[in-house]
Amino acid sequence: MAALLAALLLLASACARRSSRNAGRLPAGDTVWLRDGSGEAGNGAETGMTRAGFASVFLPAATLTHTGGVWTAAAADRPPEPFRKLPVTLVLSVLREAPNPLADPAGAAALADALWIAAKPALQDAAAYGRVRGVHLDVPFAASAASAWAKAVEGFRARLPRSMLLTWTVPFTPADAEKEAFQKIIAATDGAVAVVFGEGAASDPAIADRLGAPWLAGYSLSARGRSTPAGKAERALPESVFARLTDDPGVEFSHDLSLKDDGASSFLLTPHQPVTAGGVRFAPGERVVFRQPSVSDFVYRFGADLAGRRSVKGRVVIVSGRAEADRIFTLAALNDVLLGRPLNADLRVTLEPGRGGVAVTAENPTPNASVVSRTSNWVEVDLPSGGISDVRAGGFDRFEVFGPDGQPVTLGRATRVRFFETLVGPGEKIEPARIVLRKPPPRDCCAHRIHVISSAGPEVAREGS
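Residue numbers (our numbering): 200 to 664.
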């Protein structure tokens, strides 16, 4: 580590003169990177970002792939309407599953051409995004390809209008062997994004600050999954699929204890019947693994990582999903973090006694999610007179029954019913459950309790009647 730090100090010194012409171009401020774009019309999300103090937004412009020696680009959807307040940076991404196209000596020029061809339509239609001020290159490359990537960046920079900012994602911590290549990349760009937390984290804040370039600290908050259908290649899954799978009674849920990472939790979901979630179809027995960053760790790191960093210009929060309904960690929750509000999930319960029993409805009125747990999030209803003949879980994931002393009993002896929800999603409305009784419930029915552990750690427990 000492040798690495020494190499980086040399790199910073060598880069100082070369990067001086662009060191002041990257504006200071925090940014939201909408990795999947914006699919919500109206300026409500933008207004919320502005109120929380965000200074700009990253939006996808195109995704490039390299197959059979040929580059192709798929344009991203334009936002329903342009951003009117926040300046926009257009993102060009290369799929990380793509083979290394920079191994070929001619690969750098071909990649520079491909990036420019992908960028031109978005730049020509910049008004559809809003006030476009720059381009970000989110391109994975290996250490062995650093020199080739530097040439590709220089080739792209030469075609980009000088008024446009150019930034790039740092995909690994550089060592002494990449010193010269990184000097060239830094000289050709206006700043870097170093992801320091969550999926794709490849940088340490202290080391990133020694790169000799203005940089933004990246925080990826999305849950990411993968599965391997029988006879097919492994596929990546968005967090919207995760939220829907936790709600399906035909899916077995467990913690994946093979992951040893204090900054994230891992979950294993196994369908026992054909299941479709978020437009993705899963076969019985298919192994689905999701990894979710720790929100409590993010809240701490978001405030602590930048202390004492001299070259950092701000933070980039990377979120997935084109709309709030696709996210577990929402933009509204992110605003709460910036504004210093607690990230407490909740459950507001409505009981509707009738001749046949009691309907139980619950809703989370907050933009915050709970932790993912089979046992921690629940609504419990008291029926002191007993007489329960059946329980229908409705939109809850499962239920258990207890006696007056809180011990598990058979249904016929039960006086309490506890409904569990593995994941209480932001703004989620749970379909009514029903407790079927052999005789009408009393007029003063029924006392109930709720217990929810929020994604950032706080516990919410309350009694009602």
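Backbone N, C-alpha and C define an ideal beta-carbon position, used for all residues, glycine too.
Reduced DSSP category for residue i - H, G, I as helix; E, B as strand; rest coil
i	result
Asn-221	Unreliable positioning characterises Asn-221 in this predicted model, as indicated by a pLDDT of 49, which lies under 50. The coordinate reading is nonetheless provided below. Coil.
Arg-661	strand
Ser-439	helix
Arg-536	Residue 536 is actually Val in this sequence, not Arg. Looking at Val-536 - three-state DSSP - the assignment turns out to be helix.
Val-511	strand
Pro-286	strand
Gly-333	strand
Asp-375	helix
Arg-615	strand
Gly-477	coil
Gly-556	strand
Arg-295	coil
Arg-642	coil
Cβ-Cβ distance between residue i and residue j below 8 Å
i	j	result
Arg-591	Phe-601	no
Val-651	Ala-544	yes
Pro-657	Pro-564	no
Arg-573	Phe-619	yes
Thr-368	Leu-336	yes
Ser-510	Ala-412	yes
Gln-423	Arg-434	Just to set this straight, residue 423 is Arg in the shown sequence, not Gln. Taking 8 Å as the Cβ cut-off, Arg-423 and Arg-434 do not qualify as a contacting pair.
Phe-528	Val-494	yes
Arg-358	Leu-365	no
Val-331	Leu-263	no
Gly-236	Arg-521	yes
Thr-249	Val-515	no
Glu-245	Leu-285	yes
Ala-387	Val-394	no
Burial state of residue i, where buried means 16 or more other Cβ atoms lie within 10 Å
i	result
Arg-220	With a pLDDT of 44 at Arg-220, under the threshold of 50, the modelled position of that residue is not reliable, and no figure is offered here.
Leu-538	exposed
Thr-621	buried
Phe-489	buried
Ala-227	exposed
Thr-266	exposed
Gly-247	buried
Leu-636	buried
Tyr-418	buried
Ala-405	exposed
Ser-519	buried
Where the beta strand (DSSP E) containing residue i begins and where it ends
i	result
Ala-261	253-266
Val-450	450-454
Gly-725	Nothing about residue 725 can be reported from this structure: the residues present for the chain run from 200 to 664 only.
Phe-396	390-396
Ala-387	Premise fails: Ala-387 lies in the alpha helix (DSSP H), 378-387, not in any beta strand (DSSP E).
Gly-306	Unbroken run through Gly-306 is the alpha helix (DSSP H), 306-323; no beta strand (DSSP E).
Pro-470	463-470
Ile-527	Segment: none, Ile-527 is in no beta strand (DSSP E) and carries neither H nor E.
Lys-628	628-636
Ala-272	269-274
Residue range of the alpha helix (DSSP H) that includes residue i
i	result
Gly-354	345-358
Val-498	494-503
Ala-522	Neither: Ala-522 is in no alpha helix (DSSP H) and is coded neither H nor E.
Ile-406	404-407
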